[in-house]
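Step one of this worksheet: look at the structure below.
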Amino acid sequence: MKSNVTNGTSNNTRYTVVFDQENLNNTEKKKTGWFGTRHFVTFMLFLGMANAYVMRTNMSMAIVAMVNHTAIEASHSNHDEPVDTECGVDLPQANKSHQENDGEFVWETDIQGYVLSSFFYGYVVTQIPFGILSKRYGNIYFLGVGMLINSLFGLLVPVAANMGIWWLIAVRFIQGLGEGPIVPCTHALLAKWIPPNERSRMGAFVYAGIFFCNTEKETVLRMIGFTAR
């Protein structure tokens, strides 16, 4: 390397030699690829949001196939009342297909309400505390643990339903506990990884996972049955 300044003294002050450095004055910005880390993070959050909402809403669809509606209606009907047949429909024939599609569980409507609401009781409990903890100890860990708990206990739903209604309510409650950190951690990760000028666009893409899961899950799960839901 060549020296720009020669050693010397002036007013009893020694000069410091400054050497040329390569690319010292190069102000050109380094070019980056069209797909960066922030895009990968956004896509993973999109999949996480879709999975979270599948876990949240799948019981609303599954319970229709799980419950024996014919048995519930029969338990509430008054057999002493005459049946009005003015419409000319053969009632046993009309209800035949309905009976074939009924599920195996005879749950009253209030019990069904407990099953559906148990998830959201757990969901409310953990949202604020884990939002605070994730800010202090790291968002990605709480997001991953919450998603893992939600998914693992989702696999136990068919087993719990066969064991008893309160087992199913407990499993759904724990699923709600696991889903609580997902939304606050998602917001925190968007704020950390996405620049302000792209945050609204990336955030919209992440929350599009909600609508993606709602349009796709019914088509896929209809072919498998409630045990997969």
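Per full-length UniProt numbering, the very first residue in the sequence shown carries number 1; after that it's consecutive.
Glycine residues also receive a C-beta, built at the ideal position from the N, C-alpha and C atoms.
Predicted, not measured: the structure shown is a model, and the values here were computed from it.
{"Asked": "Compare the Cα-Cα distances from Ile169 to each of Phe120, Thr126, Met202 and report the closest residue.", "Found": "Phe120"}
{"Asked": "Have a look at Cys213 and Arg136 and give me their C-alpha separation to the nearest angstrom.", "Found": "31 Å"}
{"Asked": "Can you tell me whether DSSP reads Phe105 as helix, strand or coil?", "Found": "strand"}
{"Asked": "Would you give the residue range spanned by the alpha helix (DSSP H) that Gly146 belongs to?", "Found": "139-155"}
{"Asked": "Let me know the secondary structure DSSP gives Val83 once reduced to three states.", "Found": "Caution is warranted here: a pLDDT of 47 is assigned to Val83, below 50, making its placement in the model unreliable, and no coordinate value can be reported."}
{"Asked": "What are the uninterrupted segments assigned as alpha helix (DSSP H) that are 4 or more residues long and contained completely in the region 154-207, given in chain order?", "Found": "157-163, 165-179, 182-193"}
{"Asked": "Taking the straight line between their C-alpha atoms, what separation do you get for Ile111 and Asn162?", "Found": "15 Å"}
{"Asked": "Which one or two residues does DSSP pair with Val67 in a beta bridge?", "Found": "Phe105"}
{"Asked": "Quick one, which of His39, Gly203, Ala52, Ala50 has its alpha-carbon nearest Ala188's?", "Found": "Gly203"}
{"Asked": "By the three-class DSSP mapping on this structure, what secondary structure does Gly122 have?", "Found": "helix"}
{"Asked": "If you drop the 5 nearest sequence neighbours on each side, which residues of the same chain put their C-beta closer than 8 Å to that of Ile182?", "Found": "Gly48, Met49, Ala52, Leu143, Gly146, Met147, Asn150"}
{"Asked": "Taking 7 Å as the threshold (C-beta atoms), are Ser118 and Arg172 in contact?", "Found": "yes"}
{"Asked": "For Gly180, count neighbouring C-beta atoms within 10 Å of its own C-beta (all shown protein chains included) and say buried if the count is 16 or more, exposed if not.", "Found": "buried"}
{"Asked": "Relative to the C-alpha of Leu155, which residue among Gly164, Trp166, Gln175 is closest?", "Found": "Gln175"}
{"Asked": "If we ignore side chains and look at the alpha-carbon of each, how far apart do Thr186 and Asn139 end up?", "Found": "8 Å"}
{"Asked": "By Cβ distance below 8 Å, which residues in the same chain neighbour Glu198 in space, the five residues on each side in sequence not counted?", "Found": "Arg38"}
{"Asked": "Considering only residues of the same chain and omitting the five flanking positions on each side of Trp193, which have a CB-CB separation below 6 Å?", "Found": "Arg38, Val41"}
{"Asked": "Contact check, Val206 vs Phe35 under 8 Å by CB: the rounded distance?", "Found": "Not a contact, Cβ separation roughly 16 Å."}
{"Asked": "Exposed or buried, Arg56, counting other C-beta atoms within 10 Å across all chains shown (16 or more means buried)?", "Found": "buried"}
{"Asked": "Val54: buried (16+ other C-beta within 10 angstroms of its C-beta) or exposed?", "Found": "buried"}
{"Asked": "Could you give the distance in angstroms between the alpha-carbon of Ser60 and the alpha-carbon of Ile165?", "Found": "15 Å"}
{"Asked": "Do the CB positions of Pro195 and Gly131 come within less than 7 Å of each other?", "Found": "no"}
{"Asked": "Give me the residue from Arg201, Leu177, Ser200, Phe153 with the minimum Cα distance to Thr126.", "Found": "Leu177"}
{"Asked": "Could you give the DSSP three-state label for Phe212: helix, strand or coil?", "Found": "helix"}
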